[in-house]
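Student:
In the numbering used here, the protein residues as written are 119 to 440.
In structure tokens, the structure reads:
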């Protein structure tokens, strides 16, 4: 992408979108198209159509989505599948009708089967049943992957889907009902520390393994993929095992018990941990095979403890408004 290219970052106020904007601006890109939800309802077909026809973006980062942790995914399945299908269908289709050069569709590794072989490879998609607690979100994202592939095959578009593992960092959602595990832990431990609680309760057994990626590392990966030279980019689109699909991860994992101890230490909570085994664990293990993007030359740079410390610092600076 040239630095003067017209770039639409859908979802620029979210954790992923805002990180992409920071990375783009830091790299000298200034012609960014950014619209808030009140300015552009991405679920509104006519509004999105008008936006694309009037602005004609050359590149699209599709980071807009309804996202959440295990509680939100379980309780709001209808919203998760409806909103995500509407958002991605409107943006992907109008990118084609307005000749967008490249589109990067962001999803999540929850697209893979609950009991997929570990680490999960791109070709494991649709080889088994999904984790029931987030199947609505996963099915929407799988539909987006298939839409990108289908448009590439029929219309010659150049749309790529990138699947990061568990993300965290600045602008994360710290709502205890709707957030993912790591930001929920940060808030739980912080508020328990303020109250002087003797313990903090963590959902599940603490045994599931998770891989985490700091969101600015993901943003760097997005820019890296969007700027791949044509031959390597086209090779990803035409990959015989998993066309137009690539995992983005650190390759490192930690169990929930040890993650809780790490967050507890960073926050400075002096009490004990209680694991509520009556609550669901979710997928037992979820490690992405990121050998494809590593082979292209991208690797994460932010280690987990440093990333948690940075996320907690951001949380403290914004706690009063959350």
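Idealized CB from N, CA, C, for every residue including glycine.
Between residue 226 and residue 252, what straight-line distance do the alpha-carbon atoms span, to the nearest angstrom?
Tutor: Here residue 226 refers to the residue found at position 108 when the chain shown is read from its first residue. Here residue 252 refers to the residue found at position 134 when the chain shown is read from its first residue. Each residue's Cα considered, the two are about 11 Å apart.
Student: Shortest alpha-carbon distance to residue 393 belongs to which of 326, 192, 412 and 177?
Tutor: In the chain shown, the residue the question calls residue 393 occupies position 275. Per the Cα distances, 326.
Student: Here's a check: name, in chain order, each residue in its chain whose Cβ is nearer than 7 Å to the Cβ of residue 249, leaving out the five neighbours to either side.
Tutor: One-based indexing of the chain shown puts residue 249 at position 131. Within the same chain, Cβ atoms closer than 7 Å to the Cβ of residue 249 are found at 228, 232, 400 and 401, the five residues on either side in sequence being excluded.
Student: May I ask you to list the residues that DSSP assigns as paired with residue 125?
Tutor: Residue mapping note: residue 125 aligns to position 7 of the chain shown, counting from 1. Residue pairing by DSSP places residue 125 opposite 150 and 177 in a beta bridge.
Student: Following the continuous alpha helix (DSSP H) through residue 435, name the residue where it begins and the one where it ends.
Tutor: Your numbering for residue 435 matches position 317 in the chain shown. Taken as a continuous stretch (DSSP letters only), the alpha helix (DSSP H) holding residue 435 covers 422-436.
Student: Can you grab the Cα-Cα spacing for the pair residue 372 / residue 405, in whole Å?
Tutor: Here the question's residue 372 lines up with position 254 in the chain shown. Here the question's residue 405 lines up with position 287 in the chain shown. Rounded to the nearest angstrom, the two C-alpha atoms are 10 Å apart.
Student: Would DSSP call residue 370 helix, strand or coil?
Tutor: Position 252 of the chain shown, counted from the start, is the residue given in the question as residue 370. In the three-state reduction of the DSSP assignment, residue 370 falls in the coil class, being assigned neither a helical nor a strand state.
Student: Please report the straight-line C-alpha distance between residue 307 and residue 321, rounded to a whole angstrom.
Tutor: The residue you call residue 307 lines up with position 189 of the chain shown. The residue you call residue 321 lines up with position 203 of the chain shown. Near 13 Å, if we compare the C-alpha coordinates of residue 321 and residue 307.
Student: If the criterion is Cβ atoms closer than 8 Å, does the pair residue 391 and residue 438 meet it?
Tutor: Within the chain shown, numbered from 1, the residue matching residue 391 stands at position 273. Within the chain shown, numbered from 1, the residue matching residue 438 stands at position 320. No, these two residues do not count as a Cβ contact at 8 Å.
Student: Where does residue 388 fall in DSSP's three states?
Tutor: Locating residue 388 in the chain shown gives position 270, counting from the first residue. If DSSP states are grouped into helix, strand and coil, residue 388 belongs with coil.
Student: Could you tell me whether the stretch 290-299 touches the stretch 259-269, using the rule of 3 or more Cβ pairs below 8 Å?
Tutor: no
Student: Is it buried or exposed, residue 187, if we count other Cβ atoms within 10 angstroms and call 16 or more buried?
Tutor: Position 69 of the chain shown, counted from the start, is the residue given in the question as residue 187. Under this definition residue 187 is a buried residue.
Student: Roughly how many whole angstroms lie between the Cα atoms of residue 395 and residue 324?
Tutor: Here residue 395 corresponds to residue number 277 of the chain shown, with the count starting at 1. Here residue 324 corresponds to residue number 206 of the chain shown, with the count starting at 1. Going from the Cα of residue 395 to the Cα of residue 324 covers about 8 Å.
Student: Check whether the Cβ atoms of residue 210 and residue 262 sit closer than 8 Å, and answer yes or no.
Tutor: Mapped onto the chain shown, residue 210 falls at position 92. Mapped onto the chain shown, residue 262 falls at position 144. Yes; because the gap between Cβ atoms is below 8 Å, this pair is in contact.
Student: Taking C-beta to C-beta, are residue 184 and residue 176 nearer than 8 Å?
Tutor: Numbered from its first residue, the chain shown carries residue 184 at position 66. Numbered from its first residue, the chain shown carries residue 176 at position 58. Going by C-beta atoms, residue 184 is not nearer than 8 Å to residue 176.
Student: Check this for me: beta carbons of residue 224 and residue 181, under 8 Å apart or not?
Tutor: In the chain shown, the residue the question calls residue 224 occupies position 106. In the chain shown, the residue the question calls residue 181 occupies position 63. Against a cut-off of 8 Å, the Cβ pair of residue 181 and residue 224 comes out as a contact.
Student: Have a look at residue 272 and residue 417 and give me their C-alpha separation to the nearest angstrom.
Tutor: In the chain shown, counting from the first residue as 1, residue 272 sits at position 154. In the chain shown, counting from the first residue as 1, residue 417 sits at position 299. The straight-line gap from Cα to Cα measures roughly 33 Å.
Student: With a threshold of 8 Å, are at least 3 pairs of Cβ atoms found where one atom belongs to the stretch 347-355 and the other to the stretch 371-387?
Tutor: They do not touch, by the three-pair rule.
Student: Please work out which residues of its chain come closer than 6 Å, Cβ to Cβ, to residue 382, disregarding the five sequence neighbours upstream and downstream, and give them in chain order.
Tutor: Sequence index remark: in the chain shown, residue 382 carries index 264 (1-based). 307.
Student: Can you give the Cα-Cα distance for residue 128 and residue 152, rounded to whole angstroms?
Tutor: Reading the chain shown from its first residue, position 10 is the one you call residue 128. Reading the chain shown from its first residue, position 34 is the one you call residue 152. Going by the C-alpha atoms only, they are around 7 Å apart.
Student: With a threshold of 16 other CB atoms inside 10 Å of the CB of residue 431, please say whether the residue is buried or exposed.
Tutor: For the purposes of this step, residue 431 is taken as the residue at position 313 of the chain shown. Exposed, by the Cβ-count rule.
Student: Between residue 230 and residue 120, what straight-line distance do the alpha-carbon atoms span, to the nearest angstrom?
Tutor: Numbered from 1 along the chain shown, position 112 holds the residue referred to as residue 230. Numbered from 1 along the chain shown, position 2 holds the residue referred to as residue 120. If I take the Cα positions, the gap works out to 34 Å.
Student: From residue 348 to residue 379, what does the alpha carbon distance come to, in whole angstroms?
Tutor: Stepping through the chain shown from its first residue, residue 348 is reached at position 230. Stepping through the chain shown from its first residue, residue 379 is reached at position 261. Each residue's Cα considered, the two are about 45 Å apart.
Student: Could you pull out every residue in the same chain whose Cβ sits closer than 8 Å to the Cβ of residue 141, ignoring the five residues on either side in sequence?
Tutor: Walking along the chain shown from the start, residue 141 turns up at place 23. Correct list, in chain order: 334, 337, 338, 340 and 341.
Student: Taking the alpha-carbon positions, what's the residue 331 to residue 241 distance?
Tutor: Your numbering for residue 331 matches position 213 in the chain shown. Your numbering for residue 241 matches position 123 in the chain shown. The alpha-carbon atoms of residue 331 and residue 241 are separated by roughly 21 Å.
Student: I need the boundaries of the beta strand (DSSP E) containing residue 285, first residue and last residue.
Tutor: Translated into positions along the chain shown, residue 285 becomes position 167. Per DSSP, residue 285 belongs to the beta strand (DSSP E) from 284-286.
Student: Could you name the residues of the same chain whose beta carbon sits closer than 7 Å to that of residue 237, not counting the 5 residues immediately before and after it, in chain order?
Tutor: Position 119 of the chain shown holds residue 237. Within the same chain, residue 237 has close Cβ partners 405, 406 and 407.
Student: With a 10 Å radius around its C-beta and 16 neighbouring C-beta atoms as the bar for buried, classify residue 145 as buried or exposed.
Tutor: Here residue 145 corresponds to residue number 27 of the chain shown, with the count starting at 1. Exposed, because fewer than 16 other Cβ atoms sit within 10 Å of the Cβ of residue 145.
Student: Using 10 angstroms around the beta-carbon of residue 329, count the other beta-carbons present and answer buried if the total reaches 16, otherwise exposed.
Tutor: Residue 329 sits at position 211 when you count from the first residue of the chain shown. It is buried - the Cβ of residue 329 has at least 16 other Cβ atoms within 10 Å.
Student: Can you tell me which residues form a DSSP beta bridge with residue 394?
Tutor: The residue labelled residue 394 in the question sits at position 276 within the chain shown. Its beta-bridge partners are 321.
Student: So what does DSSP say about residue 170, is it helix, strand or coil?
Tutor: For this step, residue 170 is matched to residue 52 along the chain shown. Of the three classes helix, strand and coil, the one that applies to residue 170 here is helix, per DSSP.
Student: What residue range is occupied by the uninterrupted beta strand (DSSP E) comprising residue 221?
Tutor: In the chain shown, counting from the first residue as 1, residue 221 sits at position 103. Counting along the chain, the beta strand (DSSP E) containing residue 221 begins and ends at 220-224.
Student: Run through the DSSP bridge pairs and tell me what residue 330 is partnered with.
Tutor: On the chain shown, position 212 is the one that residue 330 refers to. Beta-bridge pairing links residue 330 to 284.
Student: First and last residue of the alpha helix (DSSP H) that includes residue 351?
Tutor: Reading the chain shown from its first residue, position 233 is the one you call residue 351. Where residue 351 is concerned, the enclosing alpha helix (DSSP H) stretches over 348-355.
Student: Quick one: complete beta strand (DSSP E) runs, 3+ long, within the stretch 211-273?
Tutor: If we require 3 residues or more, the beta strand (DSSP E) runs fully inside the stretch 211-273 come out as 220-224.
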